[in-house]
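Colleague: Heads up: the sequence shown begins at 1 in UniProt numbering, then just goes up one per residue. Heads up, the beta-carbon is just placed ideally off N, CA and C, and yes, glycines get one too. Only a predicted model underlies this, so the values are computations on that prediction, with no experimental measurement involved. Have a look at the structure that comes next, please.
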Amino acid sequence: MWRSTLVQHRTLYRPSNSWLGRVRPFRHTTPFSTSSDDSSATGAQPTPDPPRRRRHRFGNVDNLPSFAEFQQQQKVRKLYRDFVRLAYTSVTDRRAQKDMVRQIRHEFKTTSATTDAWNTKRAVSEGTRRYKDVAAMLGTSSNQRHPQSAPPNDESYAVPTRTSQWPWQAVDDHGEEVYSSKARPRPLPIPKKTL
């Protein structure tokens, strides 16, 4: 009798894997039961363990980049995306697009192994210079985010004058300024509260 409860006691009181080394609670069986028939007759049923809260542990915190490294990575990613966007939007031939993207990936992979801060800055400045050169060769503006194709030379294609003007320089159909200094008076300053 004592042996069976002692064996049950040893198997149920194993230390858990938590960092505190807590012991699992003794809830599955009653310590004074001698046989399984007695426990079913009294109505004692094993109660489940309460759900544990697992602490989320981050991986190695030392692997997180510093803020300067993070900014450098973002610059490189932006430059890569700009190159790929330029390849897909400016080149119409599919084979030339794939070749250009393959060449871009190769160049970025070869320079990705550099860890020196001076070399990475030099590579980014060289990449921006090359991007501007390629954009100029392809006939797109380097600071234009999504380059658009030039409008067709058809005479039926007339660009409305409103699209090429700033909102404050807009002219209506009769040639009058939409927003003039008379139409929009300067707002009065807010009076200060006096105590």
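Buried or exposed: which applies to Ala-135, given that a residue is buried once 16 or more other Cβ atoms fall within 10 Å of its Cβ?
Modeller: Taking the sequence shown and counting its residues from 1, the one referred to as residue 135 is at position 135. That one is buried.
Colleague: Distance, Cα to Cα, Asp-62 vs Thr-111?
Modeller: Your numbering for residue 62 matches position 62 in the sequence shown. Your numbering for residue 111 matches position 111 in the sequence shown. Looking at the two C-alpha atoms, the distance is approximately 24 Å.
Colleague: Got a sec? Which residues, its chain only, sit under 6 Å from Asp-154 by beta carbon, not counting five neighbours each side?
Modeller: Start at 1 with the first residue of the sequence shown, and residue 154 comes out as number 154. Because Asp-154 sits at a pLDDT of 49, beneath the cut-off of 50, its placement in the model cannot be relied upon, and the following sentence gives the value as read from the coordinates. Result list for Asp-154: empty, nothing under 6 Å.
Colleague: Report the residue from Thr-47, Phe-83, Tyr-131 and Gln-74 whose alpha carbon sits nearest the alpha carbon of Arg-102.
Modeller: Along the sequence shown, read from residue 1 onward, the residue named residue 102 stands at position 102. It is Phe-83.
Colleague: Since I believe Ala-87 is in contact with Gln-97 (beta carbons under 8 Å), could you give me their beta-carbon distance rounded to a whole number of angstroms?
Modeller: Position 97 of the sequence shown, counted from the first residue, corresponds to residue 97. Position 87 of the sequence shown, counted from the first residue, corresponds to residue 87. Indeed they touch by this definition, with Cβ atoms about 6 Å apart.
Colleague: Alpha carbon to alpha carbon, how far is Lys-121 from Pro-65?
Modeller: Against the sequence shown, residue 121 aligns to sequence position 121. Against the sequence shown, residue 65 aligns to sequence position 65. C-alpha separation (whole angstroms): 16 Å.
Colleague: In terms of residues, what are the limits of the alpha helix (DSSP H) holding Ile-104?
Modeller: As a working mapping, residue 104 is identified with position 104 in the sequence shown. Per DSSP, Ile-104 belongs to the alpha helix (DSSP H) from 94–111.
Colleague: Quick check: the Cα distance between Thr-114 and Ser-90, rounded to an integer number of angstroms?
Modeller: In the sequence shown, the residue the question calls residue 114 occupies position 114. In the sequence shown, the residue the question calls residue 90 occupies position 90. Cα to Cα, the separation comes out at about 30 Å.
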